[in-house]
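Numbering (the working numbering), first residue to last: 3 to 232.
Where is the CB? At the ideal position from N, CA and C, for every residue including glycine.
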Amino acid sequence: MKPLIFPYQLIELTHTLDENSPAWEETCGFSSSIVLDYADSTSETPFRVQSLTMPAGMGTHMDAPAHCCPDGLSIDQIPLDQLVSPCVVIDVSTKAHALYNVTPQDIADFEKTHDLIQPDSFVIMKTGWSRFWGNPLQYRNNHNFPSVSAETATLLVSRDIVGLGIDTLSPDRLDDGYPVHRILLNSGRYIVENIANSEQLPSIGSFVMAFPLKIKQATEAPMRLIGLLP
Numbered sequence: 003m004k005p006l007i008f009p010y011q012l013i014e015l016t017h018t019l020d021e022n023s024p025a026w027e028e029t030c031g032f033s034s035s036i037v038l039d040y041a042d043s044t045s046e047t048p049f050r051v052q053s054l055t056m057p058a059g060m061g062t063h064m065d066a067p068a069h070c071c072p073d074g075l076s077i078d079q080i081p082l083d084q085l086v087s088p089c090v091v092i093d094v095s096t097k098a099h100a101l102y103n104v105t106p107q108d109i110a111d112f113e114k115t116h117d118l119i120q121p122d123s124f125v126i127m128k129t130g131w132s133r134f135w136g137n138p139l140q141y142r143n144n145h146n147f148p149s150v151s152a153e154t155a156t157l158l159v160s161r162d163i164v165g166l167g168i169d170t171l172s173p174d175r176l177d178d179g180y181p182v183h184r185i186l187l188n189s190g191r192y193i194v195e196n197i198a199n200s201e202q203l204p205s206i207g208s209f210v211m212a213f214p215l216k217i218k219q220a221t222e223a224p225m226r227l228i229g230l231l232p
């Protein structure tokens, strides 16, 4: 890779999408088709033109407050300065299992070592579940995967975080009524799901750039999530 005149190391936190990518539904819902191929181009310069079909909440993506709050901000309304943030990574991967909930005690243990989570931080829950991304059935696991408790979400709101990320399909499981979405999105935060490579980030000291496709009135959007290491 050509070296950049840039004071940060870039970390890819985004999964690559294809027709086999895990999704909330049993079927992927993502497809890429060729509308015009090089050999069929009539111009002097040949082109390949593609068409994409996918749910908005596919792969590494962002949930805006409007996802469950009718008066909340949509993807295109989230201020740009909320999309570049200090990053905190809370590692529960050694104890996380399919029915694990990140608890306030996990936050307390983290803060005992690293001090309080600072306002405007983007918090990533590293559960280790991203290791199953290449196995869609295991990753989806009938909607059983590590998630976050409602009490933890409330605690993170009290820390005034800008957003929450997790390396699973959701910080909520299907059977729990989606309290984490309700608590975070109704308080103006955003959520990023299906994060990749969080193990490459330190617990503190990094930054993230969380850039969703800027789609008008979108409540969810695919995105590129990038970590920055000083």
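Query: At least 3 beta-carbon pairs within less than 8 angstroms: the stretch 195 to 211 vs the stretch 89 to 102; Result: yes
Query: Per DSSP, the bridge partner or partners of Tyr192; Result: Gly165
Query: Counted within 10 angstroms of its Cβ, other Cβ atoms place Tyr102 as buried (16 or more) or exposed; Result: buried
Query: For Val51, three-class secondary structure by DSSP; Result: strand
Query: Cβ-Cβ separation, Ser87 to Phe8 (assumed contact under 8 angstroms), whole Å; Result: With 8 angstroms as the limit, Phe8 and Ser87 do not qualify as a contact, their Cβ atoms being about 18 angstroms apart.
Query: Local Cβ density within 10 Å of Glu222, reported as buried at 16 or more and exposed below that; Result: buried
Query: Backbone CA spacing between Glu21 and Met56 [nearest angstrom]; Result: 10 angstroms
Query: Terminal residues of the alpha helix (DSSP H) in which Phe112 lies; Result: Pro106 to His116
Query: C-alpha distance - Ile228 paired with Ser200, whole-angstrom precision; Result: 10 angstroms
Query: Identity of the residue in Leu230, Phe213, Glu195 and Pro232 nearest Ile77 by Cα; Result: Phe213
Query: Cross-strand partners of Ile206 (DSSP beta bridge); Result: According to DSSP, which records beta bridges pairwise, Ile206 is partnered with nothing at all.
Query: 7 angstroms CB neighbourhood of Leu145 in its chain, flanking five on each side removed; Result: Leu is not the amino acid found at residue 145; the sequence shown has His there. If we look at His145 and ignore the five residues flanking it on each side, its Cβ neighbours are Arg175 and Leu176.
Query: Proximity winner among His63, Ile185 and Gly167, relative to Leu215 (alpha-carbon distances); Result: His63
Query: Option in Thr129, Asp122, Pro106 and Tyr141 with minimal Cα separation from Ala98; Result: Thr129
Query: Identity of the residue in Met127, Pro224 and Ser132 nearest Thr105 by Cα; Result: Met127
Query: Asp169, buried or exposed, once every other Cβ within 10 Å from all chains shown has been counted against 16; Result: buried
Query: Residues near Arg161 by beta carbon distance below 6 angstroms, same chain, minus five either side; Result: Ile119
Query: Opening and closing residue of the alpha helix (DSSP H) in which Ala152 lies; Result: Ala152 to Ser160
Query: Beta-carbon gap between Asn143 and Ala110 smaller than 9 angstroms; Result: no
Query: CA nearest to the CA of Glu113, picked from Pro148, Ala58 and Leu157; Result: Leu157
Query: 9 angstroms Cβ cutoff met for Val164 and Phe124; Result: yes
Query: First through last residue of the alpha helix (DSSP H) which encompasses Pro224; Result: Counting along the chain, Pro224 falls outside any alpha helix (DSSP H), though it belongs to the beta strand (DSSP E) covering Glu222 to Leu231.
Query: Asp108 burial status per 10 Å Cβ neighbour count (16 or more: buried); Result: buried
Query: Distance cut-off 8 angstroms: Ala25 Cβ against heavy atoms of the ligand MN; Result: No copy of the ligand MN occurs in the structure displayed, which carries no ligand at all.
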